[in-house]
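Protein chains in written order, with this note's numbering: chain A, 47 to 128; chain B, 47 to 128.
Positions of the beta carbon are idealized from the N, C-alpha and C atoms, including for glycine.
This report refers to the structure that appears directly beneath it.
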């Protein structure tokens, strides 16, 4: 069944404390290749049947209105995966 | 700067209560096109300079050992984004 994947990340201008914690842990473990970590959410919406343009537009609305908080987060991607 | 994106999802055989809650909310709102919702995490690891095979292998190890809990989660994707 097709799945619509929605990626939501904290806005670039906001501090991401969870990401900062992981980033600090990585550098304490000597993993210096990674200079920053940010942590967001990945939603997988399962669709019964075909993904029409209408369903994709509905997913976009849901992503903006329900799955993300537009004050602190951006929807960075919506894609259909079979 | 290049970014390595790591996607982590709850294992398929486990209940995902957060996803179930969103799924229930969507159907109460009349959005019947989406039969299931699962919620995972998206990590963005910023890399200074070029992403070598070595750094990508390190990211894979970090994804398996630190960013995900292999008892309840699967790493479903690692990709480099410019």
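| Item | Value |
| --- | --- |
| Please state the DSSP three-state secondary structure of residue 56 of chain A. | strand |
| Pull up the DSSP beta-bridge partners for residue 87 of chain A, would you. | A:54 and B:87 |
| In its own chain, which residues sit with a C-beta less than 8 Å from the C-beta of residue 110 of chain B, not counting the 5 before and 5 after it? | 116 and 121 |
| Classify residue 126 of chain B as helix, strand or coil using the three-state DSSP reduction. | strand |
| Is there a C-beta anywhere in chain A that falls below 7 Å from the one on residue 74 of chain B? | no |
| Taking the alpha carbon of residue 119 of chain B as the point to measure from, which residue in B:48, B:49 and B:54 has its own alpha carbon closest? | B:54 |
| Could you pull the DSSP bridge partners for residue 119 of chain A from this structure? | A:56 |
| Can you tell me whether residue 107 of chain B is buried or exposed? The criterion is at least 16 other CB atoms within 10 Å of its CB, across all chains shown. | exposed |
| What would DSSP say about residue 68 of chain B, mapped onto helix, strand or coil? | helix |
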